[in-house]
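Below is one structure, written out as structure tokens; the observations come after it.
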Amino acid sequence: MGVACSSPRLLHRPPTRWQFLHGLPTPEQLQLHGRLRLQCQQPLSGSADVEAKRQLDEMWRAVYDCPPPPIPDPRWKMLGFQGCDPRTDIRGAQAFGLRCMSEVVRRHRHVLAPIALIEKEQPDYLFAAACLNCYAVVAVHLGLAPHLVPPVAQAKAQDSRGLSAFLRLCQIEGDVFAFQELLAVVVRKMHYEWQKLRCSEPGLTINKFGEVLAKVAVCLEFLLGCSTLTATEDFEQIMDIEATRALTLCNFAARIAARFSRCGRTVDLSGSRQSSELV
Numbered sequence: 005m006g007v008a009c010s011s012p013r014l015l016h017r018p019p020t021r022w023q024f025l026h027g028l029p030t031p032e033q034l035q036l037h038g039r040l041r042l043q044c045q046q047p048l049s050g051s052a053d054v055e056a057k058r059q060l061d062e063m064w065r066a067v068y069d070c071p072p073p074p075i076p077d078p079r080w081k082m083l084g085f086q087g088c089d090p091r092t093d094i095r096g097a098q099a100f101g102l103r104c105m106s107e108v109v110r111r112h113r114h115v116l117a118p119i120a121l122i123e124k125e126q127p128d129y130l131f132a133a134a135c136l137n138c139y140a141v142v143a144v145h146l147g148l149a150p151h152l153v154p155p156v157a158q159a160k161a162q163d164s165r166g167l168s169a170f171l172r173l174c175q176i177e178g179d180v181f182a183f184q185e186l187l188a189v190v191v192r193k194m195h196y197e198w199q200k201l202r203c204s205e206p207g208l209t210i211n212k213f214g215e216v217l218a219k220v221a222v223c224l225e226f227l228l229g230c231s232t233l234t235a236t237e238d239f240e241q242i243m244d245i246e247a248t249r250a251l252t253l254c255n256f257a258a259r260i261a262a263r264f265s266r267c268g269r270t271v272d273l274s275g276s277r278q279s280s281e282l283v
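What the sequence shown shows, in this note's numbering, is residues 5 to 283, in sequence order.
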């Protein structure tokens with residue numbers, strides 16, 4: 005199941021003046037980021053397949069409220085997987101990706117289960133596959149999954165200020181919980197943007213899904229880098245962010261940050277090392 009942050013408040017230490025002014029993660033936050041990164045890279049193989057089947061079964065029950073089919077079985081396509089064996093689809097997201105997707109659907113079943121059922125009746129996109137793409141966007145943004153290929157070019161590592169904002173919430177509410185709540189709103193944002201595009205383009209096809217995912221990635225960057233986040237409930241702000249305006253403001257903020265940054269005062273968002281300024 006991985007290592008969760010069982011006592012997140014114990015990891016909290018006030019940032020130094022430099023870290024506060026420049027939005028840099030503290031050493032404790034980077035330590036927490038490293039643990040979350042290790043969970044994201046936990047492989048899905050061997051005995052983990054038993055846990056994968058359990059997570060898939062619970063996801064099925066959350067949506068359909070009935071016993072799940074065996075694996076393989078063509079009914080898994082009803083949930084939005086591409087084939088009869090859903091484990092094939094989730095190899096890239098690995099064990100943590102499946103766990104997050106399953107727990108998010110169960111925790112937010114009142115919102116996400118109807119979305120899955122809508123896409124079953126009017127299959128514009130594959131629900132499970134779309135959730136996995138959203139997971140990849142979030143994991144790449146937070147520098148947690150170097151093994152994942154970004155599904156869209158706009159999915160890129162968040163700057164240090166946005167990463168620090170997320171890690172502060174991890175310290176307060178728990179790392180896995182914060183990640184899953186962020187994933188939940190990103191999935192909802194994806195569906196909202198898709199529905200909005202479908203209203204403006206009646207002949208919409210799955211070929212447009214990449215465009216929608218790119219908008220979501222831009223809105224996520226704005227949410228973490230330019231919004232005030234004091235609790236995971238503040239992730240809801242992403243629903244009100246307009247992608248074109250967010251891209252403009254993010255680019256402006258990046259230019260300002262570059263102008264006032266100092267040489268050597270950077271953080272490696274891959275989690276492999278950190279600047280000596282943080283020690």
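Ideal placement from N, C-alpha and C gives every residue a C-beta, glycine not left out.
Please read all numbers here as calculations on a predicted model, not as lab measurements.
- For residue 35, the enclosing alpha helix (DSSP H) begins and ends at 31-44.
- Using a 10 angstroms sphere on the CB of residue 137, the tally of other CB atoms reaches 16 or more, which defines it as buried.
- The residue among 130, 217, 234 with its C-alpha nearest the C-alpha of residue 81 is 130.
- Following the DSSP letters along the chain, one finds residue 204 inside the alpha helix (DSSP H) bounded by residues 179-204.
- Residue environment: residue 210 is assigned as exposed (fewer than 16 neighbouring CB atoms within 10 Å of its CB, all protein chains considered).
- Residue 114 sits in a helix when the DSSP states are folded into three classes.
- In this structure, 47 is the residue among 244, 47, 86 with its C-alpha nearest to the C-alpha of residue 149.
- Contact annotation: residue 76 and residue 65 have beta-carbon atoms that are not nearer than 9 angstroms.
- In terms of Cβ geometry, residue 253 and residue 241 do not form a close pair [threshold 9 angstroms].
- When the five nearest sequence neighbours on each side are left out, the beta carbons in the same chain lying within less than 8 angstroms of the beta carbon of residue 172 are those of 33, 233, in order along the chain.
- Apart from sequence neighbours up to five positions away, the residues of its chain that approach residue 109 with a beta-carbon distance below 6 angstroms are 63, 66, 116, ordered along the chain.
- Under the three-state reduction of DSSP, residue 210 is assigned to helix.
- The shortest C-alpha to C-alpha distance from residue 235 to any of 170, 195, 124 is the one to 170.
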